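Chemist:
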Amino acid sequence: MREILNRLRTAGDSLRSVVSRDESDGQTLATDGGTQAAVGERRRDTLRDSLPVQWELIESAPFWLPPVLLAVFFVYGAIAWNAVLSLTDFQGLGEPSYSQLDFSMYARMASDGAFWQATQNTLVLLVVFTILCLALGLLVAILIDQGIRFENTFRTIYLLPMSLSFVVTATMWSWVYNAKSGVFNQLLRLFNLEGLVITLLKPAVVNADVIQWLSWHTTALAAIIFALIWQFSGYAMVVFLAGLRAIPDEHYEAARVDGASTVRMYMRVIIPQLRASAVSASVVLMVFALKAFDFIYSLRGSQPGANMDILATMMYRVAFDSLRWAYGSAIAIVLFLLALLVIGPYLYSEYKRGEL
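Residue numbers (this note's numbering): 310 to 665.
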């Protein structure tokens with residue numbers, strides 16, 4: 310009898326454990342297979358919890374995978390193919406030969422005076438344009454930050470040139486710089502500065518009027534820089550103005566309490582806090598400087614002359630006018646590396662700060 314009671318007690322305990330397990334697994338849905346669904350859902354939740362990042366990456370793949378594949382093929386694939394093409398002697402006719410790859414185009418580049426002149430012009434444009442844009446943008450941002458009347462209207466007008474394309478601004482400045490009827494040259498004549506008359510529309514050759522050619526040679530790139538500053542200094546103004554508005558008012562008040570003058574307050578307290586704004590604006594402005602091809606090409610065509618020639622215009626002229634595709638590809642690689650030198654340090658600094 311005792312043995313029978315023990316067996317019944319053991320069977321009851323087993324039955325209670327089965328019922329409890331069924332209740333936890335959702336046995337109420339057992340009639341339509343819901344228990345298996347609940348168990349599968351629980352397994353997926355467990356997998357999602359154990360691999361959260363990988364699971365989110367898999368789930369979001371339909372959204373990011375197509376644009377990534379398109380960018381890899383059309384952008385990075387094109388850059389890689391251009392790098393390989395620069396190692397050939399391709400002249401634009403037939404198929405390029407990839408059997409003998411060498412650096413002969415880069416060796417030719419090292420001994421090409423036109424390349425070094427274009428590189429010099431590119432660096433001058435890059436540095437001078439960026440520094441003057443930052444300085445002018447900072448000055449205007451400080452003036453606007455003083456609470457002037459019609460602030461929004463003035464800010465919109467000052468930023469408006471940036472919304473125009475290079476083609477539109479180049480056409481407008483070609484009228485301004487016109488040697489006979491341009492506003493800029495008329496002002497120079499008004500102040501008896503005939504020697505500084507800019508003749509950007511004149512072919513860049515040495516003619517009988519040597520003084521006029523020297524004037525063109527020494528002022529052409531400066532005219533380009535001046536026009537680009539007019540177009541993009543508004544961007545620097547907006548960036549600096551946002552940085553100024555982010556500085557707490559307590560910093561201004563503390564500087565005034567210490568007896569600092571307005572100039573000293575901005576030089577010692579306010580401007581040092583605009584470092585992040587200056588860095589981000591500098592990177593964007595330098596990229597704009599490297600993309601000045603549209604402006605110069607619209608203004609002067611593919612033959613801008615030695616003092617206005619930059620790497621982008623030289624690359625276009627060599628590849629499309631002279632059909633020296635391999636040499637043009639080599640120049641494009643140098644321009645690409647120059648762009649990496651501009652953007653790379655900024656991206657690295659942002660990564661170190663945890664912003665990327």
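A virtual CB, placed ideally from N, CA and C, is assigned to each residue, including glycine. Computed from a predicted structure; not experimentally measured.
#1: Since E666 is in the alpha helix (DSSP H), which residue starts that stretch and which ends it?
#2: Straight-line CA distance for K489 to R498?
#3: Take the Cβ of V547 as the centre, count every other Cβ of all protein chains shown within 10 Å, and call the residue buried at 16 or more, exposed below.
#4: Can you tell me where the alpha helix (DSSP H) with M574 in it begins and where it stops?
#5: Just to confirm before moving on: does the CB-CB distance between M556 and I579 stay below 8 Å?
#6: Apart from the five residues just before and just after L647, which ones in its own chain have a Cβ nearer than 6 Å to its Cβ?
#7: So L583 packs on D454, CB below 8 Å; how close in whole Å?
#8: With 16 other CB atoms within 10 Å as the buried threshold, where does N494 fall?
#9: Pull up the distance between the alpha-carbon of P405 and that of A392, whole angstroms please.
#10: So for G335, helix, strand or coil by DSSP?
#11: Which of the three DSSP states, helix, strand or coil, is assigned to Y467?
#12: Could you check the C-alpha separation between A423 and A615 for me, to the nearest Å?
#13: Check each candidate in M471, V593, I451 and name the one with the smallest Cα separation from Y655.
#14: Where does Q400 sit, in a helix, a strand or coil, going by DSSP?
#15: Using 10 angstroms around the beta-carbon of Y657, count the other beta-carbons present and answer buried if the total reaches 16, otherwise exposed.
#16: Helix, strand or coil: how does DSSP classify T439 here?
#17: Would you call V476 buried or exposed, if buried means 16 or more other Cβ atoms sit within 10 Å of its Cβ?
#18: Are there three or more Cβ pairs, one per stretch, closer than 8 Å when the region 409-425 is compared with the region 382-400?
#19: Under three-state DSSP, which class holds S591?
#20: With the cut-off set at 8 Å, would you say L447 and A545 are in Cβ contact?
#21: Between the Cα of S586 and those of L550, I533, M574, spot the shortest distance and give me the residue it belongs to.
#22: Do I605 and I533 have their C-beta atoms closer together than 8 Å?
#23: Helix, strand or coil: how does DSSP classify F549 here?
#24: Could you compute how far the alpha carbon of T465 sits from the alpha carbon of T439?
#25: Within 10 angstroms of the Cβ of Q409, are there 16 or more other Cβ atoms? Answer buried if so, exposed if not.
#26: Among the residues of its own chain, which have a CB less than 6 Å from the CB of V449, if the five just before and after it don't count?
#27: Tell me, please, whether the region 556-568 touches the region 428-442 by the rule of three or more beta-carbon pairs shorter than 8 Å.
#28: Short of 7 Å in beta carbon distance, which residues of its chain neighbour W634, apart from the five on each side in sequence? Order them along the chain.
#29: Under 8 Å Cβ to Cβ from I652, same chain only, skipping five residues before and after it: list those, please.
#30: According to DSSP, is D630 part of a helix, a strand, or is it coil?
#31: Tell me whether D618 sits in a helix, a strand or coil according to DSSP, three-state version.
#32: Check whether the Cβ atoms of A621 and L644 sit closer than 8 Å, and answer yes or no.
#33: What I want to know is whether the C-beta of A545 ends up closer than 7 Å to one or more non-hydrogen atoms of the ligand FMN.
#34: Here's the rule I'm using: 16 or more other beta-carbon atoms within 10 Å means buried, otherwise exposed. How should S570 be labelled?
#35: Provide the residue span of the alpha helix (DSSP H) that contains R498, from first to last.
Modeler: Let's see:
#1: A question about residue 666 goes unanswered here, because the residues of the chain that appear run from 310 up to 665.
#2: Answer to the nearest angstrom: the Cα atoms are 10 Å apart.
#3: With 16 or more other Cβ atoms within 10 Å, it is buried.
#4: Per DSSP, the continuous alpha helix (DSSP H) segment holding M574 begins and ends at 571-574.
#5: Here the sequence assigns Ile to residue 556, which means Met is not the residue at that position. Taking the C-beta atoms as reference points, I579 is found nearer than 8 Å to I556.
#6: Same-chain partners within the cutoff: there are none.
#7: About 11 Å separates the two Cβ atoms, so there is no contact after all.
#8: Buried, since its Cβ has 16 or more Cβ neighbours within 10 Å.
#9: Between the alpha carbons of P405 and A392 lies a gap of roughly 13 Å.
#10: The predicted model places G335 with a pLDDT of 45, which falls under 50 and marks its position as unreliable, so this point remains unresolved.
#11: In the structure shown, Y467 sits in a helix (DSSP, three-state: H, G or I).
#12: Distance between the alpha carbons of A423 and A615: 7 Å.
#13: Among M471, V593, I451, the Cα nearest to that of Y655 belongs to V593.
#14: In this structure, Q400 counts as coil in the three-state DSSP scheme.
#15: That one is exposed.
#16: Under the three-state reduction of DSSP, T439 is assigned to helix.
#17: It is exposed - the Cβ of V476 has fewer than 16 other Cβ atoms within 10 Å.
#18: Using a C-beta cut-off of 8 Å, the region 409-425 makes contact with the region 382-400, since at least three inter-stretch Cβ pairs fall below that distance.
#19: DSSP, read as helix, strand or coil, puts S591 in helix.
#20: Contact check for L447 against A545 passes: the beta carbons are separated by less than 8 Å.
#21: Nearest of L550, I533, M574 to S586, Cα basis: L550.
#22: Taking a C-beta distance under 8 Å as the contact criterion, I605 and I533 qualify as a contact pair.
#23: Looking at F549 - three-state DSSP - the assignment turns out to be helix.
#24: T465 and T439: Cα-Cα distance of roughly 21 Å.
#25: Q409 comes out exposed.
#26: Correct list, in chain order: M546.
#27: Not touching, per the Cβ criterion.
#28: The beta carbon of W634 sits closer than 7 Å to those of L394, F399, Q400, G401, A628, all from its chain and outside the five residues before and after it, given in chain order.
#29: Contacts found: V592, V596.
#30: The answer is helix: DSSP assigns D630 an H, G or I state.
#31: D618 falls in the coil class under three-state DSSP.
#32: Closer than 8 Å, so yes.
#33: The ligand FMN is not part of this structure, which contains no ligands at all.
#34: Answer is exposed; the Cβ neighbour count stays below 16.
#35: Counting along the chain, the alpha helix (DSSP H) containing R498 begins and ends at 492-499.
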